[in-house]
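Visitor: Please read through the structure below; I'll follow up with questions.
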Amino acid sequence: MASGDSLFERDAQSSFPPASAAATPDVRNQAPVLDFDAAADEAAYVRLTLPRHYAAGGITVSLRWAASTATSGVCRWGLALARLQDDVDDVDSHSFATEKTVDATAASASGELAYDEIAFLDSEIDGLLAGEEALLRVRRLGTHANDTMAGDAELFALEARES
Numbered sequence: 003m004a005s006g007d008s009l010f011e012r013d014a015q016s017s018f019p020p021a022s023a024a025a026t027p028d029v030r031n032q033a034p035v036l037d038f039d040a041a042a043d044e045a046a047y048v049r050l051t052l053p054r055h056y057a058a059g060g061i062t063v064s065l066r067w068a069a070s071t072a073t074s075g076v077c078r079w080g081l082a083l084a085r086l087q088d089d090v091d092d093v094d095s096h097s098f099a100t101e102k103t104v105d106a107t108a109a110s111a112s113g114e115l116a117y118d119e120i121a122f123l124d125s126e127i128d129g130l131l132a133g134e135e136a137l138l139r140v141r142r143l144g145t146h147a148n149d150t151m152a153g154d155a156e157l158f159a160l161e162a163r164e165s
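Taking the working numbering, the leading residue of the sequence shown gets 3, the next gets one more, and so forth.
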């Protein structure tokens, strides 16, 4: 597999909520989104399986999002992976690798998408291998000092590429 090849894409409807502090399903112009509040650290989980042609390199995840109303400020996003190894990891508890973050600037007009990326080295994805299942946790760290954007952040989709 070549660097830059797509590994998976997930939209807002492909997610499911954690037990607490969950992002809220919503729609914008009839498109499903997940709303992440400005005053909380809210999350969503996405289940994935890396394709068999994944060559065990790094992964770069692109977040496609918009601000509900803001036209300035920074939204702090965090991503972490939890590997679900054969006959090792318990699906009743999630052991996420270290979260990686990006401080993403809101688009200049409400309704415009922003595309921001978080890159993981192979050593930062919990040893995930081709064909294995994993959970990807996406969070807005709204309580972090770097998160200055007012209002909700609306996540439309995620795409992962091999890097």
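Even for Gly, the Cβ is constructed at its ideal location relative to N, Cα and C.
It should be emphasised that the depicted structure is a prediction, and the values quoted were computed from it without experimental measurement.
1. Which same chain residues end up closer than 7 angstroms to residue 98 when comparing Cβ atoms and leaving out the 5 residues on each side of it in sequence?
2. Can you look up residue 3 in the DSSP assignment and give me helix, strand or coil?
3. Which stretch, first to last residue, makes up the beta strand (DSSP E) that contains residue 64?
4. For residue 41, which residues in the same chain have their Cβ closer than 8 angstroms to its Cβ, ignoring the five residues on either side in sequence?
5. What residue range is occupied by the uninterrupted beta strand (DSSP E) comprising residue 8?
6. What number of angstroms, rounded off, separates the C-alpha of residue 111 from the C-alpha of residue 73?
7. Quick one: give me the first and last residue of the beta strand (DSSP E) that residue 99 is part of.
8. Any idea which residues DSSP pairs residue 161 with across the strands?
9. Rounded to a whole number of angstroms, what is the C-alpha to C-alpha distance between residue 79 and residue 105?
Guide: Straight from the coordinates:
1. 82, 83, 84 and 139
2. In this predicted model, residue 3 has a pLDDT of only 47, less than 50, meaning its place in the structure is not dependable enough to derive any value.
3. 61-69
4. 144 and 145
5. Secondary structure note for residue 8: its beta strand (DSSP E) is the uninterrupted segment 8-13.
6. Answer to the nearest angstrom: the Cα atoms are 5 angstroms apart.
7. Neither: residue 99 is in no beta strand (DSSP E) and is coded neither H nor E.
8. 11 and 64
9. 7 angstroms
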